[in-house]
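Asks: Mind the numbering: the sequence shown is residues 1303 to 1393 in my numbering, read in order. For glycine and all other residues, C-beta sits at the position ideal for the given N, C-alpha and C. Source: prediction; values computed, not measured.
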Amino acid sequence: MVSRDVVFSNIERIDNTWIIKGRVRSRTKPGVWHNVEVRIKWVNGEALIRGKCDCEAFTKGHMICWHILHLTNVFIKNRHKLISNSSLFPS
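#1: To the nearest angstrom, how far is the alpha carbon of Ala1349 from that of Thr1361?
#2: Could you tell me the distance, in whole angstroms, from the CA atom of Arg1341 to the CA atom of Cys1367?
#3: Would Ile1316 be called buried (16 or more neighbouring beta carbons within 10 Å of its own) or exposed?
#4: Less than 7 angstroms between the C-beta atoms of Val1304 and Asn1380, yes or no?
#5: Determine whether the beta carbon atoms of Trp1335 and Arg1327 lie at a separation below 7 angstroms.
#6: Report all residues from its chain with a CB closer than 7 angstroms to the CB of Gly1324; omit the five preceding and five following residues, and keep chain order.
#7: Select from Ala1359, Gly1353, Asn1318 the residue whose C-alpha is nearest the C-alpha of Val1345.
#8: What separation, rounded to the nearest whole angstrom, lies between the Cα atoms of Gly1347 and Arg1306?
#9: Which whole runs of the alpha helix (DSSP H) in the segment 1336–1361 are 4 residues long or more, in chain order?
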C-alpha cells in the first residue's frame, strides 16, 4: 500500500501515455470512495494530464477535482514501486 487514500486498480502504459485507474477516498464524505481515471502523457519534458472522476465537483461543477490530482501525485511519487507490482497491469 502506497497511500491510505488511494487504491489502484489498473496501471497501463501505451506508448508514452500512462493510464491509471483507481479509487480515491472522499475528504468530505466519510466512507465514500470515488472512481478516478487519469492519463498522463509526457511531451517534451512536460506532463499532460487528463482525467475523470465520479465526484460532484467533476460531474456537476466541471472542475478538475482533488481526486484526479491526488491519484496523479500518488502515482508519480510511487511509480517505480507500483510499476514493479505486476498485479496492477492487465494480462
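Replies: This is what the structure holds:
#1: 23 angstroms
#2: 14 angstroms
#3: exposed
#4: yes
#5: yes
#6: Val1308, Val1309, Phe1310, Ser1311, Val1338, Leu1373
#7: Asn1318
#8: 30 angstroms
#9: 1358–1361
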